[in-house]
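Which chain is which? The protein sequence lines are A and E, in order.
Heads up: the first sequence begins at 1 in the numbering used here, then just goes up one per residue.
Heads up: the second sequence begins at 1 in the numbering used here, then just goes up one per residue.
We put the beta carbon where it would ideally sit given N, CA and C, even for glycine.
Protein chains: 2
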Amino acid sequence: MDSSDGKGRGRPRSDAARRAILDAAYDLVVMHGYAEVTMDAIAAQAGAGKQTIYRWWPGKADLVLDALEDWAEGRITVTETESLPSFLHKVCEGATRAGPVLRSLMAQAQFDAALRDKVKVRLIEPRREALRRCLAHAGVEPRHREGLVYAIYGALWYRLLMDEPLDAAFVRQMAALARRG
Amino acid sequence: MDSSDGKGRGRPRSDAARRAILDAAYDLVVMHGYAEVTMDAIAAQAGAGKQTIYRWWPGKADLVLDALEDWAEGRITVTETESLPSFLHKVCEGATRAGPVLRSLMAQAQFDAALRDKVKVRLIEPRREALRRCLAHAGVEPRHREGLVYAIYGALWYRLLMDEPLDAAFVRQMAALARRG
DNA sequence: TCATTTTCGAAACTTGCGGTCTCGAATATA
DNA sequence: TATATTCGAGACCGCAAGTTTCGAAAATGA
């Protein structure tokens, strides 16, 4: 995304097209899976030309990353003072809904170091930070927090990637892991 | 791999070609990364025809999975009575060495349910079982074991996929997680 | 008002790679 | 020696990512 809102001379960018493309990308990937969704299909679904996509996004993966963030916007309502089980429940719910998108992004990131950095900065790190605050608020000792962050988000991704459900049992398991100590 | 050692009539399968292909696949992927390695390159490096590859493996991903297992054979010498830190150290070492192969397999598995099942059965599950036994031997209470299996292997994969090192600090972190309780 | 600039949707085109097909030579059995 | 199957090699196909081209639309500015 290159806003370039610099008010040039020509026809301004169509924000409607931008929205349509983001929505089409997110919806199609959730429905059919990343690999099955072609750029032509996204363009067609959005009623846009492919060039309009490639002018603003460098490729499929970056588009889907933006689409995911756009979708998650506002939906991530983690209040500061939230119990760990409640936090985990919300995170698991969101991750399940956006599952196909998350998985495909993580997968593509393995073939593309630049994308991997973006995923890390924009998806991974902010959520780690949120969990750290939650653990702090839950009274977990500082020296145990970092290990728990890796254990919890690690297990979450591991299960997501291996098609194992992020259900209530899993939430209890992780909450129990944090509690003892 | 379809052994088909049924002693048919024609020319027998060249085991030298099989070995050369597996070695070429593993080496090339470790060196250059999965996405950069083409089937033509593997065939050329192995001095084999592409048809010889496709006769015995259904596709690139399955070939690489076999190549990984072939490489790991014998290298996984987890003795029954091993301390958890020692176990983790060995696992991290192996995972680091085979890192590019592991990552690409996990990535490809996100686009291919059949491959995902194979990875789970042949890579994931056996190692979970080994860790379970190790935790049992270390005296971890049964009700905590399953959560720890997910936490530890989850964190390991999470770090592997996010390019974070599986170093001594990580081993200590996970060992500490298992110890408290 | 009208030239200029930039975007738009649409579609043809290029490229690269996974995978298939074909071929003659090699190597086994019966 | 006839048959069957593999071998290496390379031409070939199909599909999707990404590029280029085109005429129309929508903004600026003189």
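Using a beta-carbon distance below 8 Å, is A176 of chain E in contact with chain A?
yes
With burial defined as no fewer than 16 other Cβ atoms inside 10 Å of the residue's Cβ, what is the status of S14 of chain A: buried or exposed?
exposed
For the pair the region 83-103 of chain A and the region 169-176 of chain A, tell me if three or more CB-CB distances fall below 8 Å.
yes
Since I53 of chain E and A43 of chain E should fall inside the 8 Å C-beta cutoff, what is the C-beta to C-beta distance between them, to a whole number of angstroms?
6 Å
What are the uninterrupted segments assigned as alpha helix (DSSP H) that are 4 or more residues long and contained completely in the region 50-93 of chain A, given in chain order?
50-56 and 60-72
How is E36 of chain E classed by DSSP in three states: helix, strand or coil?
helix
8 Å Cβ cutoff, D23 of chain E in contact with chain A:
no
Measure the CB-CB distance between L65 of chain A and K118 of chain A and report whether it falls below 8 Å.
yes
For the alpha helix (DSSP H) containing F170 of chain E, list its first residue and its last residue.
A168 to R179
Do V140 of chain A and V29 of chain A have their CB atoms nearer than 8 Å?
no
Counting pairs of Cβ atoms below 8 Å between the region 154-169 of chain E and the region 153-168 of chain A, do you hit three or more?
yes
Three-way DSSP call (helix, strand, coil) for M106 of chain E in this model
helix
Exposed or buried, what is Q51 of chain A when buried is set at 16 or more other beta-carbons lying within 10 Å of its beta-carbon?
exposed
Under 8 Å: do the region 103-111 of chain E and the region 101-114 of chain A share three or more Cβ pairs, one atom per stretch?
yes
Output needed in chain order: residues of the region 111-138 of chain E with a Cβ under 7 Å from some Cβ in chain A.
F111, R116, K120 and I124
So is M31 of chain A in contact with chain E if we call contact Cβ pairs under 8 Å?
no
Interface residues of chain E around R159 of chain A at Cβ under 9 Å?
Y150 and G154
Using beta carbons (cut-off 8 Å, strictly below), is R145 of chain A in contact with chain E?
no
Helix or strand or just coil, what does DSSP make of V140 of chain A?
coil
Could you give the distance in angstroms between the alpha-carbon of P67 of chain A and the alpha-carbon of A48 of chain A?
Before going on, a small fix: residue 67 of chain A reads as Ala here, not Pro. Going by the C-alpha atoms only, they are around 16 Å apart.
Inspect the beta-carbon positions of T81 of chain E and H137 of chain E and report whether they are closer than 8 Å.
yes
Start and end residues, alpha helix (DSSP H) containing V119 of chain E:
A113 to V119
With 8 Å set as the bound, which would you pick, yes or no: does the beta-carbon of R103 of chain E sit closer than that to a beta-carbon of chain A?
yes
D163 of chain A touches chain E at which residues, Cβ-Cβ below 7 Å?
R116
Have a look at A:A20, A:L115, A:T79 and A:R11 and flag the residue whose alpha-carbon is nearest the alpha-carbon of D70 of chain A.
A:A20
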